[in-house]
Amino acid sequence: MADNYELLIIGGGPGGLAAAVYGGRARLKTIVINKGSIGGLANTTREIVNYPGYTHTTGPDLMEDFRYHADSFGVGFLKDEVISVDFSQEEKLVKTKKGRELNAKAVIIACGSEPRLLNIPGEKKLQGNGVAYCATCDAEFFEGEDVIVVGSGDQAIEEGMYITKYARKVTVIVLHDEGILDCNKVSAERASQNEKMEFIWNSTIEEVLGEDNVKGVQIKNLKTGDSTELVCQGVFFFVGMIPSTHFLKDSGIEMDEKGYIPVNEMMETNLEGVYAVGDNRVKYLRQVVTAAGDGAIAAVVAERYIEEQNVFNTKVLQSEKKVLLLFYNALNSESVEFITLLEEVNLELSNSYKVVKVDMATKKNLAHKYNIVKVPSVVLLDKGLEIKRLDCSVDKEKLKSQL
Numbered sequence: 001m002a003d004n005y006e007l008l009i010i011g012g013g014p015g016g017l018a019a020a021v022y023g024g025r026a027r028l029k030t031i032v033i034n035k036g037s038i039g040g041l042a043n044t045t046r047e048i049v050n051y052p053g054y055t056h057t058t059g060p061d062l063m064e065d066f067r068y069h070a071d072s073f074g075v076g077f078l079k080d081e082v083i084s085v086d087f088s089q090e091e092k093l094v095k096t097k098k099g100r101e102l103n104a105k106a107v108i109i110a111c112g113s114e115p116r117l118l119n120i121p122g123e124k125k126l127q128g129n130g131v132a133y134c135a136t137c138d139a140e141f142f143e144g145e146d147v148i149v150v151g152s153g154d155q156a157i158e159e160g161m162y163i164t165k166y167a168r169k170v171t172v173i174v175l176h177d178e179g180i181l182d183c184n185k186v187s188a189e190r191a192s193q194n195e196k197m198e199f200i201w202n203s204t205i206e207e208v209l210g211e212d213n214v215k216g217v218q219i220k221n222l223k224t225g226d227s228t229e230l231v232c233q234g235v236f237f238f239v240g241m242i243p244s245t246h247f248l249k250d251s252g253i254e255m256d257e258k259g260y261i262p263v264n265e266m267m268e269t270n271l272e273g274v275y276a277v278g279d280n281r282v283k284y285l286r287q288v289v290t291a292a293g294d295g296a297i298a299a300v301v302a303e304r305y306i307e308e309q310n311v312f313n314t315k316v317l318q319s320e321k322k323v324l325l326l327f328y329n330a331l332n333s334e335s336v337e338f339i340t341l342l343e344e345v346n347l348e349l350s351n352s353y354k355v356v357k358v359d360m361a362t363k364k365n366l367a368h369k370y371n372i373v374k375v376p377s378v379v380l381l382d383k384g385l386e387i388k389r390l391d392c393s394v395d396k397e398k399l400k401s402q403l
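All residue numbers for the sequence shown refer to the UniProt record's numbering, where the first residue is 1 and numbers rise by one.
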C-alpha cells in the first residue's frame, strides 16, 4: 500500500467504518488503521436489537456488514497501532507501531474507548486468569462455574445475562440500594427474572483473591463497612470506559480532563482537517448508531475540506497571475451582481487577474481561513499571500481604482 492517502481513519469501529464507506463512495483514497479486530467494542457485543433495520443481530455480524460495505468501495485496511501523529502541516503524518509512516490530507480519529480498570489488589495480576472485561470473548471459559460481575449499567447487566448461558451462577455487585440499577428498564426486568443471576446491593469489590487463578473476591458493604469473602472462579469488570486517545498527547488536539475530544456539529476538532467520531469524542449517547452517524458527517465534511484544499492549491498557489478570491452566495442578489461587475472589470484589464469563486454555501473552510463573514467579499492574493481586501460595493470606477 502507498503511504499517501486523501483520507486516513484511525480506528475500525462503527464510526470509523461508516466514515470509510462515505470516504470510499466519494472516491477518496481512504485507509483504515485498526490495531485489533475490525468492529471495535461493537465486535464484542453478542446481541444488538436497537440498530435500525436489524431487529436482531450480533456485533460481529453487523460489523462484518460494515466492513464489506467499505470494501466494496475500495477502502484499504491496515492492521497496526498508531503511536504518534503530527497534525502541524497541511499533510497530516501518522506513525505506527510497526514503523509505517502515512500521510493524509484529512484524518478522522475513531479510536473508541477501552474498559476502565479499578486497579484494586489482584485485578492486574489475574487478568487473563479469571479477571476479564469482555463477556463475548471469555464467558465460555467459565462453563459451570461461579462468576462475579462488577457494575450495573447496560453493558454490565446485558453482558452478565450473556454469561449466564455458560456459568452456574452470576452474582452482580451493585453500589446502589436494592432494586436500583443503572441499566435500561428492559434489561433490568430481564435480569431480575433470570434464575441464574443474583445481586449484592450497597457494595463494592475491594480485592480479587487468588495466586495463579481467581479463587474469590473480597466485598465491602458500603453501609455497614463489613467485608466478606465470596468464592468464585471469574470476575468481569464493567465499570465504565476511557477514551483510547493517549497517543494524541502533545499533538495539539484539544481534549477534556478525561481524554475525550470536543468537536462541533461537523465533527471538527480544533485542528483543521482533523475530525473525531464515536466513543472517543465528547457526546451524550455512545451507541453503534450514533457512532455511524458521526462517521458519515465527518467523512462528508472531510471530503469538502479536501476539495477546497485541492482547489486552493491548484487554482491559487499555482497561479502565475495574482488571484481575486471571490466569496459569494448564489442566492444573494448583491453577490450575483458583483460577480458580473468583477468579471467585466477584469476583462477590461486584459484579464490581468485570475478570478477564483468560492461559494460560501458549500465551501466554508476557505471562508474560515480568511475570516470571511459576509458576501460578496474579495481577497487579493499573490501565491497565496494576502495583499489586500477589496471594497465590494457595486461601483465600477471604485472597483477599477482598487485594481
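Don't be surprised by glycine CBs; every beta carbon is placed ideally from N, CA and C.
Predicted model, so just to flag it, every value in this text is computed and none were measured.
{"Item": "Beta-carbon separation (whole angstroms), I219 vs I173, contact threshold 8 Å", "Value": "6 Å"}
{"Item": "C-alpha gap between N329 and F338, whole angstroms", "Value": "11 Å"}
{"Item": "First and last residue of the uninterrupted beta strand (DSSP E) at V174", "Value": "First-last for V174: undefined, no H or E at that position."}
{"Item": "Assumed close pair I163, A191 - CB separation to whole angstroms, cut-off 8 Å", "Value": "Not really, about 11 Å apart at Cβ, beyond 8 Å."}
{"Item": "Every unbroken beta strand (DSSP E) within the UniProt domain \"Thioredoxin\" (309 to 402), with a cutoff of 3 residues, ordered by chain", "Value": "322 to 328, 353 to 359, 377 to 382 and 385 to 389"}
{"Item": "Burial state of F87 (16 or more Cβ within 10 Å)", "Value": "buried"}
{"Item": "C-beta atoms of M161 and N194 nearer than 7 Å", "Value": "yes"}
{"Item": "C-alpha distance - C392 paired with K383, whole-angstrom precision", "Value": "22 Å"}
{"Item": "Runs of beta strand (DSSP E) wholly within the region 96 to 159 (minimum 3 residues, chain order)", "Value": "101 to 109, 113 to 115 and 146 to 150"}
{"Item": "Cβ pair G53, N43 closer than 7 Å", "Value": "no"}
{"Item": "Closest Cα partner of T96 within the set I9, I157 and G122", "Value": "I9"}
{"Item": "Status (buried if at least 16 other CB within 10 Å, exposed otherwise) for P376", "Value": "buried"}
{"Item": "Pick from S319, Y370, K364 and Q155 that is closest to Y353, judged by C-alpha positions", "Value": "S319"}
{"Item": "Three-state secondary structure assigned by DSSP to L8", "Value": "strand"}
{"Item": "Bridge-paired residues (DSSP) for A276", "Value": "I109"}
{"Item": "Nearest-angstrom Cα separation, counted from D395 out to I38", "Value": "60 Å"}
{"Item": "Residue environment, P243, which counts as buried when at least 16 other CB atoms sit within 10 Å", "Value": "buried"}
{"Item": "Inside the region 44 to 101 only - alpha helix (DSSP H) runs reaching at least 4 residues", "Value": "59 to 72"}
{"Item": "Given 8 Å, three or more beta-carbon pairs between the region 276 to 289 and the region 360 to 373", "Value": "no"}
{"Item": "Assumed close pair V274, V107 - CB separation to whole angstroms, cut-off 8 Å", "Value": "5 Å"}
{"Item": "Other residues of its chain near residue 409: CB distance less than 7 Å, five sequence neighbours each side excluded", "Value": "Nothing about residue 409 can be reported from this structure: the residues present for the chain run from 1 to 403 only."}
{"Item": "Burial state of Y166 (16 or more Cβ within 10 Å)", "Value": "buried"}
{"Item": "Candidates E6, F327 and V32, of which the one nearest Q15 by Cα", "Value": "Note on identity: in this sequence residue 15 is Gly, with Gln being the wrong assignment. With distances taken between Cα atoms, G15 lies closest to V32."}
{"Item": "Coarse secondary structure for T30, derived from DSSP in three states", "Value": "strand"}
{"Item": "Burial state of Q402 (16 or more Cβ within 10 Å)", "Value": "exposed"}
{"Item": "Inter-residue CB distance, V170 and M197 (contact presumed, cutoff 8 Å)", "Value": "5 Å"}
{"Item": "Reduced DSSP category for V214 - H, G, I as helix; E, B as strand; rest coil", "Value": "coil"}
{"Item": "Residue span of the beta strand (DSSP E) that contains L209, given as start and end", "Value": "S203 to L209"}
{"Item": "At least three beta-carbon pairs within less than 8 Å, the region 175 to 183 to the region 64 to 72", "Value": "no"}
{"Item": "Delimiting residues of the beta strand (DSSP E) encompassing P262", "Value": "That residue, P262, is in no beta strand (DSSP E); it is neither H nor E in DSSP."}
{"Item": "Enclosing alpha helix (DSSP H) for E257 [first to last residue]", "Value": "E257 -> no alpha helix (DSSP H), and no H or E assigned at all."}
{"Item": "Any 3 or more C-beta pairs closer than 8 Å across the region 233 to 243 and the region 124 to 139", "Value": "yes"}
{"Item": "Beta carbon of F327 nearer than 7 Å to that of A367", "Value": "yes"}
{"Item": "Proximal residues to S187 (C-beta, below 7 Å), its chain only, five neighbours per side dropped", "Value": "D154, I157 and E158"}
{"Item": "Beta-carbon spacing of K105, I297 below 7 Å", "Value": "no"}
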